[in-house]
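Participant: Following our numbering, the numbering of the sequence shown begins with 39 at its first residue and continues without gaps.
Ideal placement from N, C-alpha and C gives every residue a C-beta, glycine not left out.
Note that this is a predicted model, so its numbers are computed, not measured.
Sharing a structure below in structure tokens format, with a few things to ask.
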Amino acid sequence: MAKKVKADASRQPFQYPLKREFREPDWTRLPGYKGVTKEQWESALWQRQHSAKNLKDLKDVFGPFLTDDIAEDILRDQNEKATMSLLIPPQMLNTMNEKDLRADPVRRYMIPMFSDRHKEWPNHPKASRDSLHESEMWASEGLTHRYPTKVLAEMIATCPQYCGHCTRMDLVGNSVPQVTKHKFESQPKDRYAAMLDYLRKTPSVRDVVVSGGDIANVPIAQLEAFLMELMDIPNIKDIRLATKGLQGLPQHFLQDDVLKALERISKRAWDRGIDIAVHTHVNHAQQVTPLVGKAVRKLLEMGFRDVRNQGVLLRGVNTTRQDLLELCFMLLDHAKIMPYYFYMADMIPNSEHWRLSIAEGQKLQHDIMGYLPGFATPRVTVDVPYVGKRWIHQLADYDRVKGISYWTKGYRTGIEADDEDALTRRYEYLDPVYTLPPEGQAYWKKESEAVAR
Ligand code: SF4
39 MAKKVKADAS RQPFQYPLKR EFREPDWTRL PGYKGVTKEQ WESALWQRQH SAKNLKDLKD
99 VFGPFLTDDI AEDILRDQNE KATMSLLIPP QMLNTMNEKD LRADPVRRYM IPMFSDRHKE
159 WPNHPKASRD SLHESEMWAS EGLTHRYPTK VLAEMIATCP QYCGHCTRMD LVGNSVPQVT
219 KHKFESQPKD RYAAMLDYLR KTPSVRDVVV SGGDIANVPI AQLEAFLMEL MDIPNIKDIR
279 LATKGLQGLP QHFLQDDVLK ALERISKRAW DRGIDIAVHT HVNHAQQVTP LVGKAVRKLL
339 EMGFRDVRNQ GVLLRGVNTT RQDLLELCFM LLDHAKIMPY YFYMADMIPN SEHWRLSIAE
399 GQKLQHDIMG YLPGFATPRV TVDVPYVGKR WIHQLADYDR VKGISYWTKG YRTGIEADDE
459 DALTRRYEYL DPVYTLPPEG QAYWKKESEA VAR
């Protein structure tokens with residue numbers, strides 16, 4: 039008699055295989071792209087020239103799908119709340135559901151509406167521009183030295199697309215009614231030279247995140263020259279190129295001159311024993327399309343060590359088990375992108391409606407465990423001011439009433455050389471006030487009244 043088999047994998051809270059298809063949505067369904075050819079669509083120049091920069095451009099693309107009430111809602115947000123200006127390539131607009139723009143997850147983070155923001159608590163009382171205090175830790179202009187062995191090099195303050203929740207809203211993009219952006223003071227050539235100079239003099243740094251803004255906006259010859267010099271520095275062993283453009287404008291990475299330069303960069307890295315990888319930022323499964331996959335394959339074929347995703351957890355966009363696992367499997371199965379991090383959104387102004395509490399982040403980490411291979415299970419990560427990245431379960435203490443979590447660290451940031459307490463101090467991260475019980479909300483109401491006085 040055959041042994042009775044007990045395993046039954048059919049009943050799970052998340053179902054695999056996915057029902058979602060891996061395909062490029064047909065752009066000609068959108069009124070603004072009716073006559074657009076494949077050749078135009080796949081041209082980076084055409085994409086950049088046709089990126090939406092204002093409400094009129096959005097109306098031209100979506101036609102009657104962008105109803106008057108939605109248009110008014112977007113305009114009001116731009117005038118009263120937005121911290122980033124509008125800039126969205128057609129590739130990214132094409133991943134939105136034109137039939138339900140109000141609920142669409144990509145729209146919800148790329149084109150915020152006034153009605154999306156939290157009415158009572160649009161801001162945490164302690165929210166701030168440059169909430170991670172990166173510019174305080176600049177070793178030279180744009181070079182943040184926060185961790186012992188790694189630095190962040192901000193090459194440029196622009197991107198091919200501007201995300202509503204951008205952490206670097208202080209510096210990145212054009213000024214908007216609510217935010218006058220800071221500007222780099224020195225010219226790119228001098229800034230890059232100063233960064234390289236610092237790295238030559240600082241052998242304790244082995245790992246450089248080359249970011250912005252977005253490296254897709256750095257002219258490729260400049261990027262190549264910088265990276266070649268960087269790879270001549272003997273202490274540099276790891277380089278990560280940060281670009282959301284890989285998803286928002288994959289056409290950029292499929293241009294001949296860009297591919298040739300990236301190939302030379304990858305070869306030099308291999309010859310020098312340096313690991314070079316690309317880090318991207320995809321927040322929803324519907325943004326993972328074949329053009330993105332094609333650009334990733336080119337990078338992997340030419341020897342990039344990996345392409346990894348650092349998404350951001352945004353309420354109403356991707357904060358359910360279904361959303362996160364679907365995104366991870368789309369990345370892994372189809373685009374060959376490694377799910378790596380999901381960041382908690384940072385405490386910048388007007389971002390409260392997107393942010394989660396630590397408890398919510400912990401639950402999401404719990405809910406996604408066990409479905410993906412261990413090496414592709416992303417960590418939910420908090421960027422704690424003056425600390426850096428911590429895994430969501432690493433907190434030292436948590437006051438659930440006031441929504442204050444306490445974090446510690448085992449190293450000094452670049453500005454704490456003489457700080458005796460840096461390694462024993464407890465650093466705070468704050469939950470959105472509206473997620474707290476009434477007594478916690480009352481506490482913050484009093485605090486914000488005290489600040490206002
Ligand atoms: S691509 Fe990155 S740096 Fe640029 S706006 Fe988006 S989040 Fe900010």
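Would you say the beta carbon of His319 comes nearer than 7 Å to a heavy atom of ligand 1?
Facilitator: His319 Cβ: within cutoff of ligand 1.
Participant: For the beta strand (DSSP E) that Tyr381 lies in, which residues bound it at each end?
Facilitator: First-last of the beta strand (DSSP E) with Tyr381: 376-382.
Participant: In chain order, what residues of the same chain have a beta carbon less than 8 Å from the beta carbon of Ser224, not counting five sequence neighbours either side?
Facilitator: The residues are Glu179, Ala232.
Participant: Per DSSP, which residues does His317 bridge with? Please list them.
Facilitator: DSSP lists Ala280, Arg346 as partners of His317.
Participant: Taking only heavy atoms of ligand 1 into account, decide whether any of them is closer than 7 Å to the Cβ of Val210.
Facilitator: The answer is yes for Val210.
Participant: For Phe413, is the classification buried or exposed, using 16 other Cβ atoms within 10 angstroms of its Cβ as the cut-off for buried?
Facilitator: Result: exposed.
Participant: I'd like to know whether the C-beta atoms of Ile258 and Val296 end up nearer to each other than 8 Å.
Facilitator: Yes, Cβ-Cβ distance for Ile258 and Val296 is below 8 Å.
Participant: Would you mind stating whether Gly202 and Ala120 have Cβ atoms separated by less than 8 Å?
Facilitator: Taking 8 Å as the Cβ cut-off, Gly202 and Ala120 qualify as a contacting pair.
Participant: In whole angstroms, give me the CA-to-CA distance for Val214 and Gly286.
Facilitator: Their backbone Cα atoms lie some 22 Å apart in a straight line.
Participant: Where Asp276 and Ala315 are concerned, what is the direct C-alpha to C-alpha distance, given to the nearest angstrom?
Facilitator: Rounded to whole angstroms, Asp276 to Ala315 spans 8 Å at the Cα level.
Participant: Per DSSP, which residues does Lys188 bridge with? Please list them.
Facilitator: In DSSP, Lys188 forms a bridge with Asp245.
Participant: Using the Cβ count rule (16 or more neighbours within 10 Å means buried), how would you classify Met207?
Facilitator: Label assigned to Met207: buried.
Participant: On the premise that Phe380 lies in contact with Leu394, defined as a C-beta separation below 8 Å, what is that separation, rounded to the nearest angstrom?
Facilitator: Not quite, the Cβ-Cβ distance comes to about 10 Å (not below 8 Å), so this is no contact.
Participant: Which two residues bound the contiguous alpha helix (DSSP H) that contains Leu237?
Facilitator: 226-239 is the span of the alpha helix (DSSP H), which, as asked, contains Leu237.
Participant: Quick one: grab the DSSP three-state call for Gly452.
Facilitator: In this structure, Gly452 counts as coil in the three-state DSSP scheme.
Participant: From the DSSP output, read off the bridge partner residues of Leu468.
Facilitator: In the DSSP output, where bridge partners are listed per residue, Leu468 has Ile442.
Participant: Quick one: does the C-beta of Lys282 sit closer than 7 Å to a heavy atom of ligand 1?
Facilitator: Yes; taking the cut-off as 7 Å, the Cβ of Lys282 has a heavy atom of ligand 1 nearer than that.
Participant: Among the residues of its own chain, which have a CB less than 8 Å from the CB of Gln400, if the five just before and after it don't count?
Facilitator: If we look at Gln400 and ignore the five residues flanking it on each side, its Cβ neighbours are Val418, Ile430, His431.
Participant: In terms of residues, what are the limits of the alpha helix (DSSP H) holding Gly399?
Facilitator: Note, Gly399: alpha helix (DSSP H), 396-406.
Participant: Residues in its own chain within less than 6 Å of Leu410 by CB, not counting five upstream and five downstream?
Facilitator: Contacts found: Cys366.
Participant: Just to confirm the assignment, what range does the beta strand (DSSP E) spanning Tyr436 have?
Facilitator: Unbroken beta strand (DSSP E) run through Tyr436: 435-437.
Participant: Which residue comes first and which comes last in the beta strand (DSSP E) that contains Trp84?
Facilitator: Run containing Trp84: none in the beta strand (DSSP E); it sits in the alpha helix (DSSP H), 82-87.
Participant: Between Arg428 and the rest of its own chain, which residues show a CB-CB distance below 6 Å, the 5 nearest in sequence each way excluded?
Facilitator: Within the same chain, Arg428 has close Cβ partners Val420, Val422, Trp445.
Participant: In terms of residue numbering, what span does the beta strand (DSSP E) encompassing Lys157 cover?
Facilitator: Element bounds for Lys157: n/a, residue is neither H nor E.
Participant: What's the gap between the Cα of Gly331 and the Cα of Met407?
Facilitator: Rounded to whole angstroms, Gly331 to Met407 spans 25 Å at the Cα level.
Participant: If you draw a straight line from the C-alpha of Ala323 to the C-alpha of Leu369, how long is it?
Facilitator: Near 8 Å, if we compare the C-alpha coordinates of Leu369 and Ala323.
Participant: Helix, strand or coil for Thr419? Go by DSSP, reduced to three states.
Facilitator: Three-state result, Thr419: strand.
Participant: Look at the Cβ atom of Ile396, then the Cβ atom of Tyr436, and state whether they are nearer than 8 Å.
Facilitator: Yes, Cβ-Cβ distance for Ile396 and Tyr436 is below 8 Å.
Participant: Give the DSSP-derived three-state secondary structure of Trp79 in the structure shown.
Facilitator: The answer is helix: DSSP assigns Trp79 an H, G or I state.
Participant: Do you know whose CA, among Gln78, Glu80, Leu83, Asp115, lies nearest Asn92's CA?
Facilitator: Asn92 has its Cα closest to that of Asp115, out of Gln78, Glu80, Leu83, Asp115.
Participant: Can you grab the Cα-Cα spacing for the pair Met382 / Cys204, in whole Å?
Facilitator: Their Cα atoms are separated by approximately 12 Å.
Participant: Would you verify that the beta carbon of His404 is, or is not, closer than 8 Å to some beta carbon of chain C?
Facilitator: Protein chain content of the structure displayed is limited to a single chain, and chain C is not contained in it.
Participant: Take the Cβ of Ser242 as the centre, count every other Cβ of all protein chains shown within 10 Å, and call the residue buried at 16 or more, exposed below.
Facilitator: Exposed, since its Cβ has fewer than 16 Cβ neighbours within 10 Å.
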